[in-house]
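Student:
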Ligand SMILES: *Cc1c(COP(=O)(O)O)cnc(C)c1O
């Protein structure tokens, strides 16, 4: 089934900045267009449009402003070998459907989601930057727009929007490792809550802990489970991996951990490269002991915005520890280079992950 979008953008394009100097400021510069699709319980999905990028006009009583019914996704388009590719968009489409289910929102069909991505990337192809490490970040999201403060049932109207911004690699100049802090007094997610859905509320609730960590000179936080404050769950808004020799360990998925597409991809890639991969509960005490005895020598974060970033030091109120020599280790480097090689076309796309747009 092909999905048709009406082009209602009709404006001259804005002057494009020098994309080779996008800079490290993630997410402040947007391309010319956006895709919008509406839902009403009586119509289903309708008004599939390509619009000029512009402010949205919404009723102040729209439910999203009061009750936070919102989900989003994040993915990237890459320029390589004279073509433009998106990394595993159907995985994002499926995850958005799962997030919608948890947040009592109507699922957008996968083919519509991917057609929206294709439409926007085609319209704004000139916004896909071409320097190493750069990409066009794609941000689909969905909000509840029924104008009503009544909270008897879910909203009957929704708006799906897709916007895009050119971004630079996370570390514009070379690689460095993160210093991170374990959080004992806040939770990102609770059992039975919304931690496994990619929704804005999870982010809003984690800002204060993130701010505290920044003040102490830590760029990210390690979230522990909310029941025992013992089991490692995620790193900020990324998944987390530990390297024990030739074995990778990452926390097993629960309803308090987001099922990252990079996480899945790294598991698959690592196995293909001959590493053993365990998905199991891992406690912060085990990490500290193994780091001190030298068995655990590397750790890294995984997520779309920064791909793979090494973790050098952990500040923990029960004892700080360092991973290896605090610099990026060899396994982290191998996996980072392999994954970004697939995305930028310098390594074979052995799992057919790249979806060609044009
Ligand atoms: C988006 C996200 C991730 C990473 O998911 P990717 O699909 O790999 O980008 C991890 N944790 C949280 C909380 C997230 O929101």
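Numbering (my numbering), first residue to last: 7 to 364. Each residue gets a CB set at the ideal place from its N, CA and C atoms; glycine is no exception. Predicted, not measured: the structure shown is a model, and the values here were computed from it.
(1) Measure from the alpha carbon of residue 198 to the alpha carbon of each residue in 189, 216, 232 and 219, then state which is nearest.
(2) Tell me the rounded alpha-carbon separation between residue 337 and residue 318.
(3) On the CB-based measure, 16 or more other CB atoms within 10 Å of its CB, does residue 179 come out buried or exposed?
(4) Check whether the Cβ of residue 204 lies closer than 8 Å to any heavy atom of ligand 1, and answer yes or no.
(5) Go to residue 302, then tell me how far its beta strand (DSSP E) extends in each direction, as first and last residue.
(6) Could you check what DSSP says for residue 200 in three-state terms: helix, strand or coil?
(7) Who are the near neighbours of residue 342 in its chain, counting only those whose CB is closer than 7 Å to its CB and skipping five residues on each side?
(8) Kindly indicate which three-state DSSP category residue 235 falls into: helix, strand or coil?
(9) Verify the contact flag: residue 310, CB atom, against every heavy atom of ligand 1, threshold strictly below 8 Å.
(10) For the alpha helix (DSSP H) containing residue 118, list its first residue and its last residue.
(11) Given a cut-off of 9 Å, decide if residue 327 and residue 294 are closer than it, judged by their beta-carbon atoms.
(12) Is it the case that the segment 153 to 163 contacts the segment 88 to 101, given that we only count it when at least three CB pairs across the two stretches are under 8 Å?
(13) From the DSSP secondary-structure annotation, give me the bridge partner or partners of residue 185.
(14) Note down, in chain order, each residue of its chain lying with its Cβ closer than 6 Å to the Cβ of residue 283, except the 5 sequence neighbours on either side.
(15) Using beta carbons (cut-off 9 Å, strictly below), is residue 208 in contact with chain B?
(16) Just to confirm my understanding: we take residue 52, look at its own chain, exclude 5 residues before and 5 after, and list those with CB closer than 6 Å. What are they?
(17) Confirm, please, whether the CB-CB distance from residue 289 to residue 250 is below 9 Å.
(18) On the CB-based measure, 16 or more other CB atoms within 10 Å of its CB, does residue 357 come out buried or exposed?
(19) Check the C-beta distance from residue 126 over to residue 82 and give it rounded, since I have them as a contact under 8 Å.
(20) Measuring only the C-alpha atoms, how far is residue 359 from residue 114?
Tutor: The short version:
(1) Taking the first residue of the chain shown as position 1, residue 198 is located at position 192. Ranking the options by Cα distance to residue 198, first place goes to 232.
(2) Here the question's residue 337 lines up with position 331 in the chain shown. Here the question's residue 318 lines up with position 312 in the chain shown. Cα-Cα distance, rounded: 14 Å.
(3) Walking along the chain shown from the start, residue 179 turns up at place 173. With a pLDDT of 49 at residue 179, under the threshold of 50, the modelled position of that residue is not reliable, and the figure given next carries that caveat. By the neighbour-count criterion, in which 16 or more other beta carbons inside 10 Å mark a residue as buried, residue 179 falls on the exposed side.
(4) Against the chain shown, residue 204 aligns to sequence position 198. At a cut-off of 8 Å, the beta-carbon of residue 204 counts as near ligand 1: some heavy atom of the ligand is closer than that.
(5) Sequence index remark: in the chain shown, residue 302 carries index 296 (1-based). Unbroken beta strand (DSSP E) run through residue 302: 302 to 309.
(6) Residue numbering aside, residue 200 sits at position 194 when the chain shown is read from its first letter. DSSP, reduced to helix, strand and coil, places residue 200 outside both helices and strands of the structure shown, so it counts as coil.
(7) For the purposes of this step, residue 342 is taken as residue 336 along the chain shown, with counting starting at 1. Taking C-beta separations shorter than 7 Å and ignoring five residues to either side along the sequence, the partners of residue 342 in its chain run 313 and 314, following chain order.
(8) The sequence position of residue 235 within the chain shown is 229, counting from 1. It is coil, neither helix nor strand.
(9) For this step, residue 310 is matched to residue 304 along the chain shown. In this structure, ligand 1 has a non-hydrogen atom nearer than 8 Å to the beta-carbon of residue 310.
(10) Mapped onto the chain shown, residue 118 falls at position 112. For residue 118, the enclosing alpha helix (DSSP H) begins and ends at 116 to 129.
(11) As a position in the chain shown, residue 294 is number 288, starting the count at 1. As a position in the chain shown, residue 327 is number 321, starting the count at 1. Yes, the Cβ-Cβ distance between residue 294 and residue 327 is below 9 Å.
(12) Touching, no.
(13) Translated into positions along the chain shown, residue 185 becomes position 179. Paired residues: 319.
(14) Position 277 of the chain shown, counted from the first residue, corresponds to residue 283. These residues qualify, in order along the chain: 254, 273, 276 and 277.
(15) You won't find chain B in this structure, because it holds only one protein chain.
(16) The sequence position of residue 52 within the chain shown is 46, counting from 1. If we look at residue 52 and ignore the five residues flanking it on each side, its Cβ neighbours are 44.
(17) Here residue 250 corresponds to residue number 244 of the chain shown, with the count starting at 1. Here residue 289 corresponds to residue number 283 of the chain shown, with the count starting at 1. Against a cut-off of 9 Å, the Cβ pair of residue 289 and residue 250 comes out as no contact.
(18) As a working note, residue 357 is residue 351 in the chain shown. By the 10 Å Cβ count, residue 357 comes out exposed.
(19) Counting from one through the chain shown, the residue named residue 126 turns up at place 120. Counting from one through the chain shown, the residue named residue 82 turns up at place 76. With 8 Å as the limit, residue 126 and residue 82 do not qualify as a contact, their Cβ atoms being about 13 Å apart.
(20) As a working note, residue 359 is residue 353 in the chain shown. As a working note, residue 114 is residue 108 in the chain shown. C-alpha separation (whole angstroms): 21 Å.
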